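Q:
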Amino acid sequence: MRAIQLLQPQQFRLIDIPEPNEPGPDEALVRVHRVGICGTDISGYLGKMPFYSYPRIPGHELGVEVVAVGSGVTNVKAGDTCSVEPYINNPASFASRRSRGNCCEDLQVLGVHTDGGMRPLFKLPARKLHVSKKLTMEQLALVETLAIGCHAVARCAPQKDEDVLVIGAGPIGLSV
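Under the working numbering, the first residue of the sequence shown carries the number 11, and numbering increases by one thereafter.
1. Under a three-way DSSP split, which group does His161 fall into?
2. Using a 10 Å radius around the Cβ and a threshold of 16 neighbouring Cβ atoms, would you call Gly127 buried or exposed?
3. Name the two residues that bound the continuous alpha helix (DSSP H) containing Gly183.
4. Which residue from Gly159, Leu150, Thr50 and Thr146 puts its Cα closest to that of Val94?
5. Kindly indicate the opening and closing residues of the alpha helix (DSSP H) around Thr50.
6. To the nearest whole angstrom, what separates the beta carbons of Arg66 and Gly121, a pair I think is in contact under 8 Å?
7. Inspect the beta-carbon positions of Tyr62 and Leu17 and report whether they are closer than 9 Å.
8. Run through the stretch 89 to 133 for me and flag every whole beta strand (DSSP E) of 3 or more residues, listed as ranges in chain order.
9. Arg129 and Ala13 look like a contact to me (Cβ under 8 Å); what is the Cβ gap, rounded to whole Å?
10. For a quick check, are the C-beta atoms of Thr155 and Pro181 less than 9 Å apart?
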């Protein structure tokens, strides 16, 4: 199968990669239908993302369909359409056990530290899939972006008559 790979800053290439094998325990095999391109991807392309490693298959804003699941998976099934939580954390880590998976010492972000969704099929922990029976694939690819804006508002907890300044008019800033 073909994938888009960022070989080094400012150099994409189309590569052939093997199709993934069957999902292991707690994994899901997904088919990518939509991929968003965000500031992280652009920074990686420009060579200005300090956490980015090359070569890398980008893509973490995804609308996917579950193709198969491994043993122990109960939250999704083949045919489900899902958004993807791209932060692959170790559930046993100190931070993850305290509901701070984003601070996990072993954090791997799809498309940044590990290959992302600019390929037809890939496997990931099934717990990182969120099923929707109502959203389109395009909308599912926006869920992660909108969730960041929602999280920012929740953390800020603005009161009814407070003014709030949002700096940045990208998708996340606009979602706030």
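Glycine residues also receive a C-beta, built at the ideal position from the N, C-alpha and C atoms. Because the structure is a prediction, the values reported are computed rather than measured.
A: Reading off the structure:
1. His161: helix per DSSP, three-state reduction.
2. Within 10 angstroms of the beta-carbon of Gly127 lie 16 or more other beta-carbons, which makes it buried.
3. Note, Gly183: alpha helix (DSSP H), Pro181 to Ser185.
4. The shortest C-alpha separation from Val94 is found at Leu150.
5. Bounds of the alpha helix (DSSP H) holding Thr50 are Gly49 to Leu56.
6. With a Cβ gap of about 7 Å, Arg66 and Gly121 count as contacting.
7. No, these two residues do not count as a Cβ contact at 9 Å.
8. Runs found: 91 to 94.
9. Right, the Cβ-Cβ distance comes to about 4 Å (below 8 Å), so this counts as a contact.
10. Taking 9 Å as the Cβ cut-off, Thr155 and Pro181 qualify as a contacting pair.
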